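Peer 1:
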Amino acid sequence: MRRIGTALVSLAVFVVVWKLVSVVGGYPDYILPAPEVVAERAWRAIGTGILWEHTAVTLLEVVLGFAVGASIAVLTGVALGKSLLIERVLSPYIVAAQAVPILALAPLLDIWFGGGLLARVVICALIVFFPIAIATMVGIRSTDPLLDEMLRSLGATDPQRTRLLEIPSALPVIFGGLRVGVTLAVIGAVVAEWAGASTGLGVLINIANQGLFDTPLMFVALAALAIIGLFFYGLVVLAERRLLSH
Amino acid sequence: MSLSRVIIASLSLMLAACQQTPVPSEAPVSADAELRQVSLALGYRPDVQFAPFYVAQREGFYADAGLEVTIEHHQAPDVQRLVADGQAEFGVADATDVMIARTADIPIRYVSTLYQSFPVALIGEAASVPTDPAGLAGMTIGTPGRFGSSWHALLALLEAGGLTEDDVTIREYPQFNQVDGLSNGDVALVTGFRNNEPLQLEARGTEVGLLTVDEVAPLPGPGMIVGDELLAEDPNLVQAFVGATAAAQAAVIDDPDLGFAAAEASVPAIAEDPEVARAILDATVGLWEGDGFVDGEIDQEAWAAGYATMMRLGFIDGSVPLEEMFVVTRR
Numbered sequence: 079m080r081r082i083g084t085a086l087v088s089l090a091v092f093v094v095v096w097k098l099v100s101v102v103g104g105y106p107d108y109i110l111p112a113p114e115v116v117a118e119r120a121w122r123a124i125g126t127g128i129l130w131e132h133t134a135v136t137l138l139e140v141v142l143g144f145a146v147g148a149s150i151a152v153l154t155g156v157a158l159g160k161s162l163l164i165e166r167v168l169s170p171y172i173v174a175a176q177a178v179p180i181l182a183l184a185p186l187l188d189i190w191f192g193g194g195l196l197a198r199v200v201i202c203a204l205i206v207f208f209p210i211a212i213a214t215m216v217g218i219r220s221t222d223p224l225l226d227e228m229l230r231s232l233g234a235t236d237p238q239r240t241r242l243l244e245i246p247s248a249l250p251v252i253f254g255g256l257r258v259g260v261t262l263a264v265i266g267a268v269v270a271e272w273a274g275a276s277t278g279l280g281v282l283i284n285i286a287n288q289g290l291f292d293t294p295l296m297f298v299a300l301a302a303l304a305i306i307g308l309f310f311y312g313l314v315v316l317a318e319r320r321l322l323s324h
Numbered sequence: 002m003s004l005s006r007v008i009i010a011s012l013s014l015m016l017a018a019c020q021q022t023p024v025p026s027e028a029p030v031s032a033d034a035e036l037r038q039v040s041l042a043l044g045y046r047p048d049v050q051f052a053p054f055y056v057a058q059r060e061g062f063y064a065d066a067g068l069e070v071t072i073e074h075h076q077a078p079d080v081q082r083l084v085a086d087g088q089a090e091f092g093v094a095d096a097t098d099v100m101i102a103r104t105a106d107i108p109i110r111y112v113s114t115l116y117q118s119f120p121v122a123l124i125g126e127a128a129s130v131p132t133d134p135a136g137l138a139g140m141t142i143g144t145p146g147r148f149g150s151s152w153h154a155l156l157a158l159l160e161a162g163g164l165t166e167d168d169v170t171i172r173e174y175p176q177f178n179q180v181d182g183l184s185n186g187d188v189a190l191v192t193g194f195r196n197n198e199p200l201q202l203e204a205r206g207t208e209v210g211l212l213t214v215d216e217v218a219p220l221p222g223p224g225m226i227v228g229d230e231l232l233a234e235d236p237n238l239v240q241a242f243v244g245a246t247a248a249a250q251a252a253v254i255d256d257p258d259l260g261f262a263a264a265e266a267s268v269p270a271i272a273e274d275p276e277v278a279r280a281i282l283d284a285t286v287g288l289w290e291g292d293g294f295v296d297g298e299i300d301q302e303a304w305a306a307g308y309a310t311m312m313r314l315g316f317i318d319g320s321v322p323l324e325e326m327f328v329v330t331r332r
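Protein chains in written order, with our numbering: chain A, 79 to 324; chain B, 2 to 332.
(1) If the criterion is Cβ atoms closer than 8 Å, does the pair Glu-302/B and Gln-117/B meet it?
(2) Checking contacts by CB at 8 Å: is Asp-95/B closer than that to chain A?
(3) When you check each C-beta in the segment 135-152 of chain B against every C-beta of chain A, which residues fall closer than 8 Å?
(4) Looking at the structure shown, is His-74/B part of a helix, part of a strand, or coil, going by DSSP?
(5) So the candidates are Gly-87/B, Ala-122/B, Val-227/B, Gly-44/B; which of them puts its Cα closest to the Cα of Asp-79/B?
(6) May I ask you to verify whether the segment 203-211 of chain A touches the segment 138-151 of chain A, counting CB pairs closer than 8 Å and requiring at least 3?
(7) Alpha carbon to alpha carbon, how far is Gly-255/A from Leu-265/A? Give it in angstroms, no decimals.
(8) Given that Arg-82/B touches chain A, what residues does it touch there, using C-beta distances under 7 Å?
(9) Mark Ser-88/A as exposed unless 16 or more other C-beta atoms lie within 10 angstroms of its C-beta, in which case mark it buried.
(10) Are any of the Cβ atoms in chain B nearer than 8 Å to that of Gly-289/A?
(11) Between Asn-178/B and chain A, is there a C-beta pair that is closer than 8 Å?
(12) Please classify Asp-65/B: is it buried, with 16 or more other beta-carbons within 10 angstroms of its beta-carbon, or exposed?
(13) Tell me which residue opens and which closes the beta strand (DSSP E) that Arg-37/B is part of.
(14) Assuming contact is defined by CB atoms lying nearer than 8 Å, are Ser-81/B and Ile-107/B in contact in what I supplied?
(15) Below 6 Å CB to CB, which residues in the same chain sit around Ala-299/A once its five sequence neighbours on both sides are set aside?
(16) Quick one: grab the DSSP three-state call for Gly-259/A.
(17) Assuming Phe-400/A contacts Ala-263/A (C-beta within less than 8 Å), just tell me the rounded distance between them.
(18) Could you tell me the alpha carbon to alpha carbon distance between Ala-21/A and Asp-256/B, rounded to whole angstroms?
(19) Applying the criterion that 16 or more other CB atoms from any shown protein chain within 10 Å of the CB defines a buried residue, is Gln-288/A buried or exposed?
(20) What residues of chain A sit near Asp-187/B, judged by a beta carbon separation below 9 Å?
(21) Going along the segment 154-186 of chain A in order, which residues come within less than 7 Å of chain E, judged by CB to CB distance?
(22) So, at 6 Å on beta carbons, what are the nonlocal neighbours of Asp-188/A in its own chain, with the 5 sequence-adjacent residues on each side left out?
(23) How would you call Asp-215/B, buried or exposed, if buried means at least 16 neighbouring beta carbons within 10 angstroms?
(24) In this structure, how does DSSP classify Ile-142/B when only helix, strand and coil are distinguished?
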């Protein structure tokens, strides 16, 4: 309860500061709309259904992109953590792929994967992949060598040691990567939509900004993205608490 | 009517009545006079199509008008906001976007035409392009997105053919790479600028066909914009800038080599493919001229027709009347 209260106070302070900046700065709505202007625009966007139409698509992309990207990243991270050879072979490619701006690559990925949901999930998964894979690798490598030695002496096979020791002990670090990854999934969905999509909050931002010159609507879309990010981040934290409490 | 609208309307009438001739070429500023610093916001990267501005800078058209102009490049939709907010004195924008921005309470005015022809067209392989907009039914069309002059032109064409967007399949290319989608066979037609995408396709060996908007649904072309505040405070500055730009544009039309040389000096990227850049400039000159270059004059009939089209398509609601969208500064 106290946590919710603190969050609400923090939100109230943010809104007050925002309002102050807009009033003191004397900004017109097309530069910095005041909070009540954005709230009124959000109410209208909810009423017409336009906000949900775009939010639903982005939610789907975030869920699928994160699920695919995180799954592959954890498997890759385990392989990287357990095998120096695999790390030496794959690491340069993984790091190089991370260094390439996804914004530049996304339009090509959109064409390669035929546009549509598949292309957007691929782009989203690519963005999610790196922090989770690296976190998993680091987590696996940080396994207590004494415990590993004990399992070996008890005759545990390699898969058994991975399942019973390495992954559980790496979980706190893996969840660190998942926390970063899930927020990146939201960015990934928007980048993917900017590479080619008809609906989604990234598309709504473009329509509001470039088509309608409706800055308050753009802020509504940005707020929706922030809420999605907070929601999924909260889910990961919740899962982390549940799993690590055992 | 608010006070600001009264002031702007009065100024519009004054400008229309008294500004028959370009200011800079006829009222040069003495060499030792201090130049007024202003900025020009362009919604695209440095490019040969901006040759009139480069010529005006390098050949002294702006200096003769008492101006020192800094050219800034931004994202297209930011230009209207920057100009409205006074962060840039002048900008270049699509007329159709000006109508929408103005309706959205962004205080800008269109003051001079750069393109007498609307530059957007539907582009494809010659055999795929219908001669009548009604022939678009059932086709897959690539466009950067549901915004901007390309989108307005596409919907205007569809409307002219008795169609809506539901009668075609739209595929978005927000990174403006719709030509790749066409070459890839993902779409049959793309929206694009007549002075750009057709040249790219021809360079790839495609025999290009066009369906232009001008003949079936006239829309006003891109032009210069200023903020209401500047227009009210300093109409002479607006006149000086618009006049100098129009004079430089006329100079490029008369002598494209002059424009290309200035563009080459201002845009290093032209050195990578000067032949294509030159072809783009030549095609752009054709669009500036339209049926005959008229020194930045605003085609009020095209504006009226475009305004009506934008109303029918639902982009504007008519709350801002046509006469408050632009100010006649050139005749």
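Each residue gets a CB set at the ideal place from its N, CA and C atoms; glycine is no exception. Keep in mind it's a predicted model, so treat the numbers as computed, not measured.
Peer 2: To lay it out plainly:
(1) no
(2) no
(3) Gly-146, Arg-147, Phe-148, Gly-149, Trp-152
(4) strand
(5) Gly-44/B
(6) yes
(7) The sequence as given places Ile at residue 265/A; Leu does not occur at that position. Ile-265/A and Gly-255/A: Cα-Cα distance of roughly 15 Å.
(8) Tyr-108, Ile-109
(9) exposed
(10) yes
(11) yes
(12) buried
(13) 37-43
(14) In the sequence as displayed, the identity of residue 81/B is Gln instead of Ser. Closer than 8 Å, so yes.
(15) Leu-279, Leu-282, Ile-283
(16) helix
(17) Look at the range of chain A in this structure, 79 to 324, and you will see that residue 400/A is not part of it.
(18) In the structure displayed, chain A extends from 79 to 324; residue 21/A sits before or after that span and is not available.
(19) buried
(20) Ile-189, Gly-192, Gly-193
(21) Of the protein chains in this structure, namely A and B, none is chain E.
(22) Ala-197, Ala-273, Gly-274
(23) buried
(24) strand
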